[in-house]
Structure formats: structure tokens, C-alpha cells
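Read through the structure below, which is laid out as C-alpha cells, and then see the notes.
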Amino acid sequence: MCFPRIVLSPHPDDAEYGSGGLLAGLRELDMEAHIACFVPTGELEDAPTLSETASIRQVEARASAELLGAMLHWLEGAALPRRPDAAQPGPAAQGDPS
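Position in the sequence shown (first residue = 1) + 1 = this note's numbering.
Right, here's the structure in full:
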């Protein structure tokens with residue numbers, strides 16, 4: 002019995018960068034593969050709105066998953082709440098080593 006493989010992808014294209022070779026190899030072996038992506042957005046320099054960025058990234062992710070022979074699943078909001086942690090640097094980021 003062969004179990005499906007699941008690649009967890011925090012953002013679109015993380016699965017391709019981190020596990021693209023693995024996913025392509027699984028496709029060659031006719032093994033079932035899934036990409037679970039947590040959020041449909043990511044940074045795009047030319048996109049004026051978050052909605053437009055999400056739209057572009059979703060199209061790209063679907064095309065990539067199809068090329069790699071994987072099934073794509075969107076988990077936005079299903080597992081982790083979004084937190085503005087990057088916008089709130091801690092003491093170490095402010096030069097305080099404690």
C-alpha cells in the first residue's frame with residue numbers, strides 16, 4: 002500500500018522551492034502527491050492590492066501543481082490565525098540582546 006505524500010506550503014511557491022524536485026519525482030513514479038498551502042498571498046512588487054496579489058498567486062500555484070502532478074489544497078485560516086508578528090519587532094530586533 003502506498004500512502005499519498007503531502008507537502009506543507011506556508012505561502013504559494015514555497016512547496017515548489019522547497020520540494021519541487023520531490024514532487025516531480027513522485028509524479029514520475031505515479032505516486033499521489035498533495036500541496037497544502039496555508040495562505041493564497043505573498044509579496045509581489047507589481048501588484049497594487051492584496052486581492053490582486055492573491056489572485057495572481059492562486060493562478061500560479063494551480064499551474065505549478067498541475068505541472069508537478071500534485072493536487073492543490075488551500076487551507077487559508079483553517080489552522081493558524083494570522084498575526085502581525087513581522088510588523089512588531091522584538092527586543093533583539095531593536096538591538097537589545099536580552
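For each residue, glycine too, the CB sits at the ideal point set by N, CA and C.
These figures come from a predicted structure and were not determined experimentally.
N- and C-terminal bounds of the beta strand (DSSP E) containing residue i
i   : result
L30 : No beta strand (DSSP E) holds L30; DSSP gives it neither H nor E.
L9  : 6-10
Where residue i falls: helix, strand or coil (DSSP)
i   : result
V40 : coil
L68 : helix
L76 : coil
L15 : The residue you asked about is not Leu; residue 15 is Asp in the sequence shown. In the structure shown, D15 sits in a helix (DSSP, three-state: H, G or I).
T50 : coil
Chain-order list of residues whose beta-carbon lies under 6 Å from that of residue i (same chain, five-residue window excluded)
i   : result
A34 : R6, L24, L27, A71
I36 : V8, S10, A16, A66, A71, L73
S20 : V8
Sequence-distant residues of the same chain with beta carbon closer than 8 Å to residue i, five excluded per side
i   : result
Q59 : P13, P41, W75
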